[in-house]
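These protein sequence lines map, in sequence, to chains W and V.
The opening residue of the first sequence carries number 1 in our numbering; numbering runs sequentially from there.
The opening residue of the second sequence carries number 1001 in our numbering; numbering runs sequentially from there.
From the three backbone atoms N, C-alpha and C, an ideal C-beta is built for every residue, glycine too.
Worksheet for the structure shown next.
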Amino acid sequence: MLRKMIEIRRFEERVERLFLQEGALIGPSHLYLGEEAVAAGAIGALNENDLITSTYRGHGHAIAKGVPMNLLMAELFGKATGTCKGLGGSMHVAIYPEKGSMYATAIVGSGVPIATGVGLGLQREGKRRVVMTFFGDGATNTGAFHEGINLASVWKVPVIFVCENNMYAMSTRADYAVAAESVAARAQAYKMRSAVADGNDPVSVYLAAREAIDAARNGQGPTLLECVTYKLHGHGVYDKGDYRPEEEVEAWLKRDPINGLEARLLKANLATQSDFEKIEKEVAAEVEESVTFARASPVLPFDQLAKYVYVM
Amino acid sequence: MPELTYADALREALREEMLRDPRVVLMGEEIGVFEGVYKVTRGLLKEFGPERVRDTPISEAAIAGAAVGAALGGLKPVAEIMYMDFLTICLDQIATNAAKMHFMSGGKLRVPFVLRTQYSLGRVHGAQHSQFFPSIFFQVPGLKVVLPSTPHDAKGLLKAAIREDNPVVFIESGMLYRIKGPVPDGEYVVPLGQCDVKKTGSDITIVAVSRTVTEALAAAMKLEEQGITADVIDPRTIQPLDLATILESVRKTGRLIIASDDVKCGGIGSEIAAQVVEEAFDSLDAPILRVASPDMPIPFSPTLEQAYMPNAQKIIEAAKKLIG
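Following this line, the structure appears as structure tokens:
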């Protein structure tokens, strides 16, 4: 789990530099900085053949599900070697069915009913697989979310609805816009199981996810799992997030999920500083390699686009 | 050849495809216990059970979204949206998710599902239960759009749509559910993207869509009594559109009328006219005329609704204007 979290963190930091300092990347991109424990903990609790669906803030989900970093970086560069051949971009980079990452939507909330449908497919398949879908606190204010989780509850499909409550939908605070005691509390209205996890603690996320996954596998239906976390960045890569109170940002910086996990591992004598350094070194090389790979890759020829509109 | 109603033909298609492929699952409002508002799904819950004939809450966005997801999850869903008017509620799932998935995944994702719906213009359902706006899907590459006008085509096209690897919007006409027509015994499909030339003539080409096909044929019969003969062509699908057959006819007749129930501005007729002008301008002897609904919401009053709708008489008047 630590390894995945470090992979996400260093990948995103590199992406940020490619946008802001090097001007090598353009377009909208939404970083997963600060939320690493959610993807690593929740996806870490899945089996390899379980499925996920993601969103426009999907780099972290993809890495946690095992999508190769080279392909992710190539997609951000719009190259033919990317996960979506350069036709998706940052907001859809997590689409990689080869690893069970079935979709990534850029329309807030719209992935919720889709996950319900994927869950129906898995329920019919009868192999006890589950699908986990990610979305933010803002998505829980959309109609698609409410229709989607209601239908999931009616059909008792094996879906884990993971809300990454990072407190803000762009600049709109969840404590202003979510008219409920919590995101998880919304589940009660739909007779759905719910849980709240500390989204900056991968163990907390893992344990809560484990329970939800077991329930789904055993035919007990879906769970709404709220993971309370915080963006170390603004909404998109160009947003500094300066609408947030300084004290709040500082308090959350102190709760950095990677520092927190490392401290716990050291304290429990499960790892040493040199273990962390080794991981950092390997990950740094992997990230740099992905940039080299992406830069060297070709762009899909324009005359080939037409063949991707329809399945022929 | 045995005769079936349009609704029965649709049901046969659903039933045969459900027997043929266990991945085919139906979902929608009132399709199970109630057997469909127009009884298209009559008997299917009894035969296939609630696992495959799934009643849903009134949640159009979730119905369409779940169809998209179920297709991703390995099923072949046929979802029903009770009235075409309600398509706007789930357009995000159809236009912004489903239609783009294959493309923006670089060809990896496939979402084979059929979204059945119907429009009730002519059934005195008022402004919010009668709309017909298929041309919005001209702006959404990635979808196929099917508009059957006969029981024969309803069955054959629905079977083809269910076997598609692409998302299909399948638009039925509420006015046609009870009409009867010949439907062959046994297996057949009508491939998507092929016009049906319903009648041949030499003076004028009438392209008509869905309910207006019957009106166009009636108009052609009347015109023939007056010595004017028409090609009557039903495109059957507007995405893909079999332009070649339309062009071939226009090159022969030099005159084109396009009849359809949608409002005239930006409608099916507008797009077909534009494509014909681009490809066959030199063959045209007269302006292209559209016989469509006026650019206003649909009035409730039965008298006013009849006046509002395209019909054989309006097509005849257009033809006479062109031929003089």
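Since W:E36 is in the alpha helix (DSSP H), which residue starts that stretch and which ends it? E36 to G44
Quick one: is V:M1082 near chain W, going by C-beta distance under 8 angstroms? no
Can you name the residues of chain W whose CB is closer than 9 angstroms to the CB of V:K1159? Within 9 angstroms Cβ-Cβ: nothing; V:K1159 doesn't reach chain W, min ~18 angstroms.
Which residues of the stretch 80–111 of chain W have a Cβ closer than 7 angstroms to any Cβ of chain V? Give them in chain order. C84, K85, L87, G88, H92, I95, P97, M102, Y103, T105, I107 and S110
Using the three-state DSSP reduction, which class does V:L1014 fall into: helix, strand or coil? helix
With W:A104 as the anchor, note down where its beta strand (DSSP E) starts and where it stops. S101 to T105
Using the C-alpha atoms, what's the distance from V:I1246 back to V:D1234? 9 angstroms
What residues in the stretch 136–150 of chain W have a beta carbon less than 8 angstroms from any beta carbon of chain V? G143, A144, E147, G148 and N150
Look up V:P1141 in the DSSP assignment and say whether it is helix, strand or coil. strand
Proximity test, Cβ basis, 8 angstroms: W:A115 and chain V: yes
So for W:N141, helix, strand or coil by DSSP? helix
Within the same chain, show all residues whose beta-carbon is closer than 8 angstroms to that of V:R1211, passing over the 5 residues directly before and after it, in chain order. L1121, G1122, S1149, S1173, M1175, L1176 and D1261
Simplified DSSP state of V:E1172, which is helix, strand or coil: strand
At a Cβ threshold of 8 angstroms, is V:A1244 touching chain W? no
Here's a check: name, in chain order, each residue in its chain whose Cβ is nearer than 6 angstroms to the Cβ of V:L1147, leaving out the five neighbours to either side. I1171, V1209 and S1210
Measure the alpha-carbon distance for W:K240 versus W:E288 and round it to whole angstroms. 25 angstroms
7 angstroms Cβ cut-off: residues of chain V touching W:V154: P1057
Of all the options W:L232, W:K254 and W:Y238, which has the alpha carbon lying nearest to the alpha carbon of W:R244? W:L232
Would DSSP call V:I1206 helix, strand or coil? strand
Pull up the CB-CB distance for W:I107 and V:T1096, whole angstroms please, since I reckon it's below 8 angstroms. 6 angstroms
Give the residues of chain V in contact with W:L315, contact being defined as C-beta atoms less than 9 angstroms apart. In the structure as shown, chain W starts at 1 and stops at 312, and residue 315 of chain W therefore has no counterpart that could be examined.
Using DSSP bridges, identify the partner residues of V:V1025. V:P1077
With 16 as the cutoff for other CB atoms within 10 Å, does V:I1058 come out buried or exposed? exposed
Please tell me whether W:A104 and W:S153 are closer than 8 angstroms, where the distance is taken between their beta carbons. no
Helix, strand or coil, according to DSSP, for V:R1269 in the structure here? The question names Arg, but residue 1269 of chain V in the sequence shown is Gly. Looking at V:G1269 - three-state DSSP - the assignment turns out to be helix.
Of the listed residues W:N150, W:M102 and W:E164, nearest to W:P222 (C-alpha basis): W:N150
Residues from the stretch 176–193 of chain W in contact with chain V, defined by Cβ distance under 8 angstroms: none
Run the CB neighbour count on V:T1041, radius 10 Å, all protein chains shown included, and call it buried at 16 or more, exposed below. buried
Identify whether W:E226 lies in helix, strand or coil by the three-state DSSP scheme. strand
Using a Cβ cut-off of 8 angstroms, pull out every chain V residue sitting near W:V130, in sequence order please. Those within 8 angstroms of W:V130 in chain V number zero; the least Cβ separation is about 11 angstroms.
Give a yes or no on whether the minimum CB-CB distance between V:T1092 and chain W is below 8 angstroms. Reading the sequence as shown, one finds Asp at residue 1092 of chain V and not Thr. Chain W, which has a Cβ nearer than 8 angstroms to the Cβ of V:D1092, makes this yes.
Limits of the unbroken alpha helix (DSSP H) element including W:L20: L2 to L20
With a threshold of 8 angstroms, are at least 3 pairs of Cβ atoms found where one atom belongs to the stretch 1155–1170 of chain V and the other to the stretch 1130–1146 of chain V? yes
Between the stretch 1161–1188 of chain V and chain W, which residues of the former have a C-beta closer than 7 angstroms to a C-beta of the latter? D1165 and N1166
Residue of W:G41, W:K65, W:H59 and W:A40 minimising C-alpha distance to W:I52: W:K65
V:G1142 versus chain W: which residues are under 8 angstroms apart at the beta carbon? V309 and Y310
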